[in-house]
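These notes are about the structure you will find just below.
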Amino acid sequence: KPLPAPLKRGDILMIAAVACTAIILRAIPGLRIIDDAYITYRYAWNILRGLGFVYNLGEPVLGTTTPLYTLMLAAVGWPGAGLTGQAALPEVSVTLNTLADGLGAALLFLIAYRLSGERVLALACGLLWAFSPQSITFAIGGMETSVAIALMLGAFYAWLVDRPVLAALIAGLATLTRPDSLIWAGLLAPGMIVTRWRATAGRPFLSRLPLAEAGSYLLIVTPWVVCATLFFGSPLPHSIAAKSVAYHLEPTQGLVAMLQNFSAPFFEDVAFGPTGVIAGALVYPILAALGGLTLFHRDRRSLPLVLYPWLYALAFTIANPLIFRWYNTPPLPFYFLCIVAGLWGITTRLFNERWAWFAVALSGLLWLGLNLNAWELHPDHGPDRPAPEMAWFKLELLYAQAGQELAPLVTADTTIAAGDIGALGWTSGARILDTLGLVSPQSVAYSPVNPAFLGETAPYAVAPDLIVTEQPDFIVILEVYGRNGLLRDPRFAQLYRLRERIETDIYGSDGMLIYERARD
Numbered sequence: 075k076p077l078p079a080p081l082k083r084g085d086i087l088m089i090a091a092v093a094c095t096a097i098i099l100r101a102i103p104g105l106r107i108i109d110d111a112y113i114t115y116r117y118a119w120n121i122l123r124g125l126g127f128v129y130n131l132g133e134p135v136l137g138t139t140t141p142l143y144t145l146m147l148a149a150v151g152w153p154g155a156g157l158t159g160q161a162a163l164p165e166v167s168v169t170l171n172t173l174a175d176g177l178g179a180a181l182l183f184l185i186a187y188r189l190s191g192e193r194v195l196a197l198a199c200g201l202l203w204a205f206s207p208q209s210i211t212f213a214i215g216g217m218e219t220s221v222a223i224a225l226m227l228g229a230f231y232a233w234l235v236d237r238p239v240l241a242a243l244i245a246g247l248a249t250l251t252r253p254d255s256l257i258w259a260g261l262l263a264p265g266m267i268v269t270r271w272r273a274t275a276g277r278p279f280l281s282r283l284p285l286a287e288a289g290s291y292l293l294i295v296t297p298w299v300v301c302a303t304l305f306f307g308s309p310l311p312h313s314i315a316a317k318s319v320a321y322h323l324e325p326t327q328g329l330v331a332m333l334q335n336f337s338a339p340f341f342e343d344v345a346f347g348p349t350g351v352i353a354g355a356l357v358y359p360i361l362a363a364l365g366g367l368t369l370f371h372r373d374r375r376s377l378p379l380v381l382y383p384w385l386y387a388l389a390f391t392i393a394n395p396l397i398f399r400w401y402n403t404p405p406l407p408f409y410f411l412c413i414v415a416g417l418w419g420i421t422t423r424l425f426n427e428r429w430a431w432f433a434v435a436l437s438g439l440l441w442l443g444l445n446l447n448a449w450e451l452h453p454d455h456g457p458d459r460p461a462p463e464m465a466w467f468k469l470e471l472l473y474a475q476a477g478q479e480l481a482p483l484v485t486a487d488t489t490i491a492a493g494d495i496g497a498l499g500w501t502s503g504a505r506i507l508d509t510l511g512l513v514s515p516q517s518v519a520y521s522p523v524n525p526a527f528l529g530e531t532a533p534y535a536v537a538p539d540l541i542v543t544e545q546p547d548f549i550v551i552l553e554v555y556g557r558n559g560l561l562r563d564p565r566f567a568q569l570y571r572l573r574e575r576i577e578t579d580i581y582g583s584d585g586m587l588i589y590e591r592a593r594d
């Protein structure tokens with residue numbers, strides 16, 4: 075296929091506008107940090123303090139799934155940490171994420187233009203990602219999602235412009251940012267092998283293999299694998315193993331979550347309810363499939379991008395983990411591009427390019443409007459600034475309140491048990507006994523909990539035997555986490571007394587409870 079026309083000054087301005095739009099939209103809501111982000115912050119903060127890559131001091135447990143992002147926070151946060159202490163890291167993470175999403179939106183524009191040669195299509199894709207509440211929520215929530223997606227887009231763009239070694243290097247960085255980026259790296263690898271093989275026909279066998287690309291990827295990944303194995307005992311995050319045994323899930327839970335995600339990519343459920351989801355389930359996968367075919371026929375190097383959303387959904391359907399909100403986000407920019415390309419292709423075939431331009435522009439405005447409809451002008455918690463409705467962090471604020479109240483009581487020997495450990499561990503500074511086992515391997519032996527203890531928040535039900543055996547100094551839980559088990563156990567009643575109850579009805583709970591071990 076002929077390459078698209080070179081970028082003009084107007085194109086550069088459009089790319090800059092897309093990037094700036096993404097940055098501004100992430101600056102508006104302010105920080106709305108998610109609980110898991112605080113776990114990464116604590117690892118980074120301990121590195122900054124010279125205490126090692128640990129959550130609890132002296133306990134080498136890899137409880138974060140994003141080692142590169144942790145090291146980035148420690149490296150970038152070091153200058154400010156000396157002045158502002160812990161307070162620097164959330165600001166640093168959201169700033170990194172904001173810049174990463176600006177870069178990601180610009181890269182999506184460049185990729186779309188490179189594959190299609192159509193500026194309106196490229197502009198629509200870049201703006202859809204800039205406006206996506208899924209992207210914004212986890213950027214301002216302090217998660218590593220923005221950086222991982224920017225790296226995947228960067229790797230693919232390097233691949234498109236015939237820089238396979240650079241693409242492999244960036245793919246290695248993405249793998250260390252999120253383990254599920256292995257899906258993306260696994261799709262790029264066959265393309266590199268086939269391209270290299272075809273381009274070196276007639277040469278010796280070894281010279282026809284992408285050894286430089288493989289070496290570049292391993293150059294990034296291998297040092298971490300070796301160091302993590304020596305320090306933690308395994309390069310695989312312990313949190314993955316803990317989650318695999320802690321949760322009671324329906325066998326179709328992953329499938330349902332992926333179907334919902336792919337059926338309402340622009341929050342049709344918020345605007346139209348179940349009708350919007352059903353309509354999206356009928357329209358968007360078909361558009362994306364047709365768009366994928368269009369992109370593949372135009373440039374066969376687009377195959378990894380075309381397949382990635384579907385392979386990602388298949389992997390999570392088979393693995394069937396508990397789907398946290400940020401698990402839905404990585405395939406979306408690629409899915410957006412396929413949807414828009416499908417709309418362009420269908421309209422061009424049925425009518426002409428002028429109508430295709432009009433259809434993409436009009437649909438793009440509709441989708442942007444649906445994304446904005448999923449915002450709240452005045453959220454009922456956190457900063458009084460417009461924010462995506464899904465950027466909900468009431469529970470984190472409650473745990474932060476509990477942690478701040480317990481912080482003056484914490485000594486080097488104090489242990490607090492909890493099921494949600496991020497904000498509580500960050501604000502209290504105490505040693506944390508994680509009842510799910512993400513950073514506390516001893517908890518895994520008590521998972522899964524007795525089915526009799528399960529309620530509407532089953533994964534977080536606390537095993538009474540764990541508390542009786544470990545006897546932490548304090549326990550901080552939502553009432554519903556202990557309703558059917560821990561709070562009814564006579565041993566617990568003898569060992570602990572209620573110190574404070576914080577009002578909340580989250581998950582149907584009768585407050586957040588702070589228990590203190592009774593002293594003789």
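Position one of the sequence shown corresponds to residue 75 (the working numbering), numbered consecutively onward. Built from N, CA and C at the ideal position, the CB exists for glycine as well. In this text the structure is predicted, and so the values were computed from the model without any measurement.
Item	Value
Go through its chain and collect everything with a Cβ distance to N447's Cβ below 8 Å, but skip five positions before and after it.	F341, V344 and A345
Roughly how many angstroms lie between the CA atoms of I580 and L379, to the nearest whole one?	39 Å
Grouping DSSP H, G and I as helix and E and B as strand, with all else coil, what is A245?	helix
Just list the residues that DSSP pairs T349 with in beta bridges.	BP columns for T349 are empty, so no partner.
Please list the terminal residues of the continuous beta strand (DSSP E) segment that includes L552.	F548 to L552
Give a yes or no on whether the C-beta atoms belonging to L243 and I294 are separated by under 9 Å.	yes
Could you spell out where the beta strand (DSSP E) holding R573 opens and where it closes?	Y570 to I576
What is the DSSP secondary structure of M217, reduced to helix, strand or coil?	coil
Let me know if H312 comes out buried or exposed under the rule of 16 or more other beta-carbons within 10 Å of its beta-carbon.	buried
What residue range does the beta strand (DSSP E) around L507 cover?	R505 to D508
Taking V57 and S281 to be in contact with their CB atoms under 8 Å, please state how far apart those CB atoms are, rounded to whole angstroms.	Because the chain spans 75 through 594 in this model, residue 57 falls outside it and cannot be assessed.
From the DSSP output, in three-state form, read off R639 for me.	Because the chain here runs from 75 to 594, residue 639 falls outside it and cannot be looked at.
Would you call the region 355-365 in contact with the region 246-257, where contact means no fewer than 3 C-beta pairs closer than 8 Å?	no
Between which two residues does the beta strand (DSSP E) carrying E192 extend?	E192 -> no beta strand (DSSP E), and no H or E assigned at all.
In chain order, which continuous runs of the alpha helix (DSSP H) of length 4 or greater are located wholly inside the region 280-346?	285-306, 312-320, 327-337 and 342-346
Any idea which residues DSSP pairs R591 with across the strands?	Y570
Quick one: using the 10 Å Cβ neighbour count with 16 as the cut-off for buried, is L587 buried or exposed?	buried
Output the boundary residues of the beta strand (DSSP E) element that contains I490.	T489 to A492
Measuring straight from C-alpha to C-alpha, what distance separates Y254 and E192?	Here residue 254 turns out to be Asp, not Tyr, going by the sequence shown. Answer to the nearest angstrom: the Cα atoms are 31 Å apart.
Does the region 264-276 come close enough to the region 95-106 that 3 or more CB-CB pairs lie under 8 Å?	no
Does the Cβ of L157 have 16 or more other Cβ atoms within 10 Å, making it buried, or fewer, making it exposed?	Any reading at L157 must be qualified, since the residue scores a pLDDT of 47, below 50, and its modelled position is unreliable; the value itself is stated next. Looking at its Cβ environment, which holds fewer than 16 other Cβ atoms inside 10 Å, L157 is exposed.
Please list the terminal residues of the continuous alpha helix (DSSP H) segment that includes Q475.	K468 to L480
Would you check if the distance between the CB atom of W298 and the CB atom of G265 is smaller than 9 Å?	no
Just curious, the alpha helix (DSSP H) that L540 is in, first and last residue?	P538 to E544
Comparing alpha-carbon positions, which option in V150, T139 and V221 lies nearest G176?	V221
Would you grab the beta carbon distance between N402 and G328 for me? Rounded to a whole angstrom, and I think it's under 8 Å.	Actually they do not touch by this definition, with Cβ atoms about 11 Å apart.
For the region 497-514 and the region 129-139, state whether three or more C-beta atom pairs, one from each stretch, are separated by less than 8 Å.	yes
Can at least three beta-carbon pairs, one atom from the region 110-118 and one from the region 490-503, be found at a separation below 8 Å?	yes
Are the CB atoms of V92 and A161 nearer to each other than 9 Å?	no
When you compare each of I420, F467 and A492 to G477 by their alpha carbons, which one comes out closest?	A492
Measure how close the beta-carbons of Y409 and F336 come, nearest whole angstrom, since I'm counting them as under 8 Å.	7 Å
Using three-state DSSP, classify P207 as helix, strand or coil.	helix
Between which two residues does the alpha helix (DSSP H) containing N524 stretch?	Unbroken run through N524: none, as it is neither H nor E.
Where D508 and M332 are concerned, what is the direct C-alpha to C-alpha distance, given to the nearest angstrom?	28 Å
Starting from L385, follow the alpha helix (DSSP H) in both directions and report where the run begins and ends.	L377 to A393
Compare the Cα-Cα distances from T488 to each of I506, A474 and Y473 and report the closest residue.	I506
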